Amino acid sequence: MRTVSLFWRIFSLNAVVLGVATGVLLLAPVTVSARVVLTEAVVLVTGLAIMLVANAALLRIGLAPLDRVARRMTTVDLLRPGHRLQVTGHGGVAALIRTFNEMLDRLEQERATSAARALSAQEAERRRVAQELHDEVGQSLTAVLLELKRAVDAAPEPLRQDLRGAQETTRESLEEVRRLAHRLRPGVLEDLGLVSALTSLATDLSAHSGVTVRRHFEPRPSATSQETELVLFRVAQEGLTNIARHADATEVDLRLAGGPEGTTLRIRDNGRGTGDSPEGAGIRGMRERALLVGGDLAVGPAPSGGTEVTLCVPAIREEG
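Take the sequence shown: its letters are residues 2 to 321, numbered as in our numbering.
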């Protein structure tokens, strides 16, 4: 039956049921009067019920592969690739399953390509905005600070206090602009490496939110590309930002471990956890970044409460 088309499979199942029913009527000592009596009606209704049940059971068995395809269609997630249906036989249903699996392959490849282009454009735009903030807005605020300093030195005492307040507000705005530019363009990552960039992220989180961050950084493998380090940094940045905004946590454990098989980043907090809430744009963005470098991102409850984010990125293999 696995080598025939779906049409002939259903036709054969119905033919078997009707043939068995016909044979029973021919061989069984059952007659129908001109006016059907009660016993004959009971026999006919019972036979019809048996035939319908047998037909339904056989059809369920024959259409089971289509049910599996339908269930996979409702649960497929392109951000969790690799889940495929098993292909058995060579009939029409097997061809349908193979086509469905090939469609998933194409969709995952197209999504990965489009996500890589989008994230590359996003990083380029972040660098441009950060450069403009540093060069244009930062320099303008620095010039304002210098003008305010000269005004404070030359102003009389009643006006001097107001100018000092404006000077302090401008200084805070300049620091905020520098912090935004630092978040948009991780200069520490480019200049000093991943460990220093993660240390800077942890320090900023503790300074602005009061959360205690424990850092555990182990040696990283040598086969780590700049793209991989950028993905690790962005995932850590997004994870720490989510903790500061939503977790209500007081402690965070930030770990980076490396080995011959790859690099593992883990962020664990003692906050309220994610519960049953669906994944937001931040987590899905982290999954897209992880797929760009062949990584696997897991988000779930931490052993002692809170949330745990784990990113595992395989090491780069040298060919030949």
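The beta carbon of each residue, even a glycine, is placed where N, CA and C say it ideally should be.
Just so it is clear, the structure is predicted and the values come from calculations on it, not from any experiment.
Notebook entry, point to check: Buried or exposed: where does Val-214 fall if 16 or more other Cβ atoms within 10 Å of its Cβ makes it buried?
Noted result: As a working mapping, residue 214 is identified with position 213 in the sequence shown. Buried, by the Cβ-count rule.
Notebook entry, point to check: Near Ala-122, which residues of its chain fall below 6 Å by C-beta distance, leaving aside the five closest residues on each side in sequence?
Noted result: Numbered from 1 along the sequence shown, position 121 holds the residue referred to as residue 122. Nothing listed; no residue qualifies.
Next item on the list: Look up Gly-263 in the DSSP assignment and say whether it is helix, strand or coil.
Entry: Numbered from 1 along the sequence shown, position 262 holds the residue referred to as residue 263. Three-state DSSP puts Gly-263 in a strand.
Check: How long is the line joining the alpha carbons of Glu-230 and Thr-265, rounded to whole angstroms?
Finding: Stepping through the sequence shown from its first residue, residue 230 is reached at position 229. Stepping through the sequence shown from its first residue, residue 265 is reached at position 264. Their Cα atoms are separated by approximately 11 Å.
Note to self: Spatial neighbours of Ser-223 within its chain, please: C-beta separation below 7 Å, excluding the five flanking residues on both sides.
What the structure shows: Taking the sequence shown and counting its residues from 1, one reaches residue 223 at position 222. For Ser-223, the predicted structure reports a pLDDT of 49, less than 50, and the residue's modelled location is therefore unreliable. A value from the coordinates is still provided. For Ser-223, where only same-chain residues beyond five positions count, there are no Cβ hits under 7 Å.
Notebook entry, point to check: With DSSP run on the structure shown, which of helix, strand or coil describes Ala-258?
Noted result: Locating residue 258 in the sequence shown gives position 257, where the first residue counts as 1. DSSP places Ala-258 in strand when its eight states are reduced to three.
Item checked: Three-way DSSP call (helix, strand, coil) for Ala-324 in this model -> Since the displayed the chain opens at 2 and closes at 321, residue 324 lies outside it and no answer follows.
Next item on the list: Measure the alpha-carbon distance for Thr-242 versus Arg-72 and round it to whole angstroms.
Entry: Residue 242 sits at position 241 when you count from the first residue of the sequence shown. Residue 72 sits at position 71 when you count from the first residue of the sequence shown. Distance between the alpha carbons of Thr-242 and Arg-72 is about 36 Å.
Next item on the list: Buried or exposed for Arg-118, please, with buried defined as at least 16 other CB atoms from any protein chain shown within 10 angstroms of its CB.
Entry: In the sequence shown, the residue the question calls residue 118 occupies position 117. Counting Cβ neighbours within 10 Å, Arg-118 comes out exposed, since fewer than 16 surround it.
Next item on the list: Check whether the segment 287–305 touches the segment 122–132, taking contact to mean three or more Cβ pairs, one atom from each stretch, closer than 8 Å.
Entry: no
Check: Relative to the C-alpha of Pro-66, which residue among Thr-76, Val-46, Ala-55 and Gln-87 is closest?
Finding: Residue numbering aside, residue 66 sits at position 65 when the sequence shown is read from its first letter. When each option's Cα is compared against that of Pro-66, the closest is Gln-87.
Check: Gly-306: buried (16+ other C-beta within 10 angstroms of its C-beta) or exposed?
Finding: Position 305 of the sequence shown holds residue 306. That one is exposed.
Item checked: Through-space distance from Glu-262 to Gly-321, alpha-carbon basis -> Your numbering for residue 321 matches position 320 in the sequence shown. Your numbering for residue 262 matches position 261 in the sequence shown. Interpretation of Gly-321 is limited by its pLDDT of 36, a score under 50 that renders its predicted location unreliable; the figure taken from the coordinates is listed afterwards. Cα to Cα, Gly-321 sits roughly 18 Å from Glu-262.
Next item on the list: With a cut-off of 8 Å on the beta carbons, I'd call Val-212 and Thr-251 a contact; round off their distance for me.
Entry: Residue mapping note: residue 212 aligns to position 211 of the sequence shown, counting from 1. Residue mapping note: residue 251 aligns to position 250 of the sequence shown, counting from 1. That pair is a contact at about 6 Å.
Checklist line | Residue environment, Gly-24, which counts as buried when at least 16 other CB atoms sit within 10 Å | finding: Residue numbering aside, residue 24 sits at position 23 when the sequence shown is read from its first letter. Exposed, since its Cβ has fewer than 16 Cβ neighbours within 10 Å.
Next item on the list: State the Cα-Cα distance for the pair Val-21 and Ala-50, rounded to the nearest angstrom.
Entry: For the purposes of this step, residue 21 is taken as residue 20 along the sequence shown, with counting starting at 1. For the purposes of this step, residue 50 is taken as residue 49 along the sequence shown, with counting starting at 1. Each residue's alpha carbon lies about 14 Å from the other.
Check: Which of the three DSSP states, helix, strand or coil, is assigned to His-217?
Finding: Here the question's residue 217 lines up with position 216 in the sequence shown. Here His-217 sits in strand by DSSP.
Notebook entry, point to check: What three-state label does DSSP hand Asp-270 in the structure shown?
Noted result: As a working note, residue 270 is residue 269 in the sequence shown. It is a strand residue.
Checklist line | Contact belief for Ile-268 with Gly-301 at Cβ below 8 Å, rounded distance in angstroms | finding: Position 267 of the sequence shown holds residue 268. Position 300 of the sequence shown holds residue 301. Incorrect: roughly 12 Å between the Cβ atoms, too far for contact.
Checklist line | Whole runs of the alpha helix (DSSP H) within the segment 90–162, excluding any shorter than 4 residues | finding: 93–133 and 139–155
Next item on the list: For Met-74, count neighbouring Cβ atoms within 10 angstroms of its own Cβ and tell me buried if that reaches 16, exposed if not.
Entry: Mapped onto the sequence shown, residue 74 falls at position 73. Per the 10 Å Cβ criterion, exposed.
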